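Asks: Residue numbering for the sequence shown follows the numbering used here, beginning at 1 and increasing consecutively. All C-beta atoms, glycine included, are put in the ideal place defined by N, C-alpha and C. Please read all numbers here as calculations on a predicted model, not as lab measurements. Sharing a structure here in structure tokens format.
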Amino acid sequence: MKFSKLRTIIMQEVNERKESAGYSGSWTDGGSSSLKTELDFYKMSLVKKHDLRPSEWGSLDNVEVGEPSEFSSEIEKYKTKLARNIKL
1 MKFSKLRTII
11 MQEVNERKES
21 AGYSGSWTDG
31 GSSSLKTELD
41 FYKMSLVKKH
51 DLRPSEWGSL
61 DNVEVGEPSE
71 FSSEIEKYKT
81 KLARNIKL
């Protein structure tokens, strides 16, 4: 999985958590800010690992990251949603 796909999956989850917390009347954001912060830290670790300058961060989207264990539950939730939408 490329970083751009991972970022898309995580940002969808962030938005869903935020909306869910808002609809339920929660005083918090449902953990969306902590998940986004975790994604930002992961991005910075990739920047450091690949020794990228700020002008080169656009190339980070094409980096193959696999399925990071930090986001395993979000990735599994996304796979389940995809499986439910497949009609046989």
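#1: Looking at C-beta atoms only, is the number of pairs between the stretch 34 to 49 and the stretch 1 to 21 that lie closer than 8 angstroms three or more?
#2: Between which two residues does the alpha helix (DSSP H) holding Phe-41 run?
#3: Nearest CA to the CA of Ile-10: which residue from Arg-84, Pro-54, Asn-85 and Ser-72?
#4: My assumption, with CB atoms under 8 angstroms, is that Leu-60 sits in contact with Leu-39. Please give the rounded CB distance.
#5: Is the shortest distance between the beta-carbon of Asn-15 and the beta-carbons of chain C less than 8 angstroms?
Replies: According to the data block:
#1: yes
#2: In the sequence shown, residue 41 corresponds to position 41, counting from 1. 32 to 49 is the span of the alpha helix (DSSP H), which, as asked, contains Phe-41.
#3: The residue labelled residue 10 in the question sits at position 10 within the sequence shown. Nearest C-alpha to Ile-10: Ser-72.
#4: As a first step, residue 60 must be located in the sequence shown, where it is residue number 60. As a first step, residue 39 must be located in the sequence shown, where it is residue number 39. About 12 angstroms; that fails the 8 angstroms criterion.
#5: Structure shown: chain C not included; a single protein chain is present.
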